[in-house]
Amino acid sequence: MAKAQKKTGGRVTVKNIADYAGVSIGAVSSVLTNRHVERRISSQTAQKIRKAIQELGYLPDINARRLRTSGPKKQNIVLAFITSFETPLALVNDLVLALKKSAGEKEHSLSGMSFSVMVELFQAGKLKDMPGLATGEHFNAAVIANTTAEDDQYLNRAHLPFPVVLVNRSIPRYSCVIEDPGAGGIVGNLLMKHRRRNLAVLHGSPLTQNTRCRVDRFMQAISSQLGSFPHEIIAEQLSEAAAYDAMIKFLDQGQPIDGLYAVTDGMALGAYHAIRKKGLSIPHDISVFGVGDSDISPFFDPPLSVVGVHRNELGRETSRLLLRQIENARTSPILVEIPVQPILRESSDPAKE
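With my numbering applied, the sequence shown corresponds to residues 56 to 408, in that order.
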């Protein structure tokens with residue numbers, strides 16, 4: 056069967072995809088709803104349909120069930136920011152604002168399109184259970200952040216029928232924006248430079264791909280210089296309260312510590328309170344570093360030293376990649392690495408007090 060020519064205007068339909076791939080409309084619908092396995096659609100046919108979807112630039116029509124109105128109207132593209140409940144609110148705010156700003160600017164260059172932004176939250180490790188994710192029923196494109204290893208495994212297996220950009224995790228077939236993986240190593244080197252030798256890293260459970268990378272690079276940097284690994288202080292969750300409890304428990308054990316790396320600023324805040332509770336001071340007794348994912352890190356007492364990305368740049372690159380895919384569905388996946396920068400404040404160096 057001859058393939059249909061790609062349309063230069065108008066919305067791509069399921070029928071267009073079926074004609075282009077030389078398959079039935081039912082087969083296309085099965086792939087779009089990720090039900091092709093149970094309906095015994097072969098992997099070769101499913102791959103042919105996915106290729107047609109990409110080449111034709113198909114976007115799920117979430118407006119199809121709404122009542123039709125007469126006369127021309129703009130196609131509304133719904134952009135979703137999908138993240139777990141544990142994500143720092145500052146990161147959510149920055150990425151949503153970046154999406155809204157970029158989408159607003161894009162409306163001026165894309166006639167016939169308007170954009171809206173929504174936020175969808177999921178329980179860590181349960182991304183696969185989120186309604187509408189596999190089918191694109193609720194949105195046309197998505198930014199996904201703060202996934203656990205279990206969520207990443209699901210994404211690696213899934214074939215989501217809409218443009219996706221992942222934040223701070225790298226998975227094949229997806230465009231990804233990540234921070235420089237060397238952030239934890241930079242913190243380790245800075246603590247060593249400040250003559251701190253009894254070191255620890257504070258993190259929650261489960262670790263994400265990004266936080267695991269921070270921990271691993273920190274451990275490697277310290278072990279390569281001291282010949283031994285720093286302590287791992289593991290909190291039950293990522294919250295300030297969980298970090299406080301874990302830090303208190305560690306300090307009660309009487310282990311020597313003069314430097315701490317917290318993999319989120321919220322956990323650093325919990326550690327601050329625990330350190331003070333035990334009559335210790337920051338930074339004279341314990342130097343503390345965070346990652347800069349909170350707007351209030353400069354207002355900690357003392358102000359928190361951080362090594363992390365500029366969040367405006369993270370949001371800007373993420374939005375750029377997502378809108379690029381919407382404009383051209385044939386775009387190949389891209390990995391963008393954002394440099395990290397150290398911001399040294401009073402929490403890490405007594406000389407700054």
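Heads up, the beta-carbon is just placed ideally off N, CA and C, and yes, glycines get one too.
With 16 or more other Cβ atoms inside 10 Å of its own Cβ, D206 counts as buried.
G159 counts as exposed, since fewer than 16 other beta carbons sit within 10 angstroms of its beta carbon.
Around the Cβ of S403, a 10 Å sphere holds 16 or more other Cβ atoms; the residue is buried. Between P143 and L245, the C-beta spacing is not below 8 angstroms.
Taking a cut-off of 8 angstroms on C-beta distances, the segment 209–229 does not touch the segment 308–325, as fewer than three cross pairs fall below it. The segment 233–243 and the segment 181–189 do not touch, with fewer than 3 CB-CB distances between them shorter than 8 angstroms. When secondary structure is reduced to three states using DSSP, H193 falls in the coil class, being assigned neither helix nor strand. A distance below 6 angstroms between beta-carbons, with the five flanking residues on each side excluded, links V391 to the following residues of its chain, in chain order: V232 and E372. In the structure shown, the three-state DSSP call for F305 is helix.
Here the alpha carbons of G345 and G77 stand approximately 54 angstroms from one another. Distance check between S349 and each of S342, P358 and S84 places P358 closest, using alpha-carbon atoms only. Secondary structure at P397: strand, using DSSP grouped into helix, strand and coil.
For N131, the enclosing beta strand (DSSP E) begins and ends at Q130 to S139. For L262, the secondary structure class from DSSP, reduced to helix, strand or coil, is coil.
Annotation: the continuous beta strand (DSSP E) that includes S171 extends over M168 to F177. In the structure shown, the three-state DSSP call for A213 is coil. In this structure, the beta-carbon distance from L281 to G321 does not fall below 8 angstroms. Residue pairing from DSSP places A317 in a beta bridge opposite L257. If you check the CB distance, F136 and V198 come in under 8 angstroms.
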